[in-house]
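Student:
In the working numbering, the protein residues as written are 44 to 230.
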């Protein structure tokens, strides 16, 4: 049997975001709605990607031990945190990027679980890590571009945009995150 190509790992990373990564999509969307600015969203996404790439690599190589019973509730709490950032302050502070980097480290350990399910990772470690990360980044950017061009670009200047779109979305994400946190702790 032929070893999977680099594109196989790109597809694996992409599908881990779209359509399989509902929690990841919510996290990326809360980052976007925190500023509703395309450039800031992409910068946040890049900081997040650098961090999750580091921890994904460290976890995939066995340097860091992945404990899903700890990581999965922390991922849900990261969504709750960013949802609360929107509701309480709705602005990016200088500490936001440090917190975002730390959340990226946590999410990277979660991504490692999905990547390590592929039996070919150990024989193609570098290409699998690069491909998977590229796929995740492409998925994140697609989510950001979609929300920017479909909702934000058309409605962000409306007086009702925050009260009817952003804050209800953040509240809904926060409620889902609380539920996921509880479920993931109990499991």
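All C-beta atoms, glycine included, are put in the ideal place defined by N, C-alpha and C.
For the putative contact between residue 168 and residue 103, defined by C-beta atoms under 8 Å, what is the C-beta separation to the nearest angstrom?
Tutor: 7 Å
Student: In three-state terms, what does DSSP make of residue 64?
Tutor: coil
Student: What do you reckon, are the CB atoms on residue 153 and residue 196 nearer than 9 Å?
Tutor: no
Student: Classify residue 131 as buried or exposed, calling it buried when 16 or more other Cβ atoms lie within 10 Å of its own Cβ.
Tutor: exposed
Student: From 220, 226, 230, pick the residue whose C-alpha is nearest to that of residue 123; which is it?
Tutor: 220
Student: Would you report the Cα separation of residue 90 and residue 78, rounded to the nearest angstrom?
Tutor: 15 Å
Student: How many whole angstroms separate the CB atoms of residue 71 and residue 187, which I take to be in contact at a CB cut-off of 8 Å?
Tutor: 7 Å
Student: My assumption, with CB atoms under 8 Å, is that residue 182 sits in contact with residue 61. Please give the rounded CB distance.
Tutor: 5 Å
Student: Taking buried to mean at least 16 other C-beta atoms within 10 Å of its own C-beta, is residue 105 buried or exposed?
Tutor: exposed
Student: Kindly confirm or deny that the stretch 204-217 and the stretch 85-99 touch, where touching means at least three C-beta pairs closer than 8 Å.
Tutor: no
Student: Just the Cα atoms here: how many angstroms apart are residue 95 and residue 127?
Tutor: 22 Å
Student: Could you tell me the distance, in whole angstroms, from the CA atom of residue 53 to the CA atom of residue 112?
Tutor: Each residue's Cα considered, the two are about 27 Å apart.
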